[in-house]
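S.K.: Structure provided below as structure tokens; questions to follow.
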Amino acid sequence: MSYPLRYPFSWFLARIGITITININFIYDDEENVFVATSRDIQGLVLEAENFNTLKKEIEEAIHNLLILGYHKSLPKVSTDVIFKDHIVLKIALTNPCSPKKKPSPNTGRGL
1 MSYPLRYPFS WFLARIGITI TININFIYDD EENVFVATSR DIQGLVLEAE
51 NFNTLKKEIE EAIHNLLILG YHKSLPKVST DVIFKDHIVL KIALTNPCSP
101 KKKPSPNTGR GL
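Numbering-wise (UniProt numbering), the sequence shown opens with residue 1 and increments by one.
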């Protein structure tokens, strides 16, 4: 079981042993030739590196430090174990229902 950091009561649940998840977005910047990582879950998490493995190491350090800086008053101890998981995002093109439909050609669906 896991619970997103951005949801209410995440720190309470973390204290009782529930795993907290943080969404991190990765892109490759073709112009700068770097990998970029950002997250809406942790304020200030914007990193870039020349390769993906270096970026992962920087993320592990940054998450720990940003959690301490952002929540230092309410957290007596911060321990982070970063586990990277792959997800596939599919973009689905939707047709416009208001656009005129193409009329089928006269030979469509006829046998030879």
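All C-beta atoms in this analysis are idealised placements derived from N, C-alpha and C, irrespective of residue type, glycine included.
Here's a check: name, in chain order, each residue in its chain whose Cβ is nearer than 8 angstroms to the Cβ of G70, leaving out the five neighbours to either side.
M.R.: I42, Q43 and G44
S.K.: So is H35 buried or exposed if we call it buried at 16+ other beta carbons inside 10 Å?
M.R.: The question names His, but residue 35 in the sequence shown is Phe. Its Cβ being crowded by 16 or more others within 10 Å, F35 is buried.
S.K.: Flag this pair as yes or no: are the beta carbons of A37 and L66 separated by less than 8 angstroms?
M.R.: no
S.K.: Among the residues of its own chain, which have a CB less than 6 angstroms from the CB of P4, if the five just before and after it don't count?
M.R.: T21
S.K.: Tell me the DSSP bridge mates of I18?
M.R.: None, per the DSSP bridge assignment.
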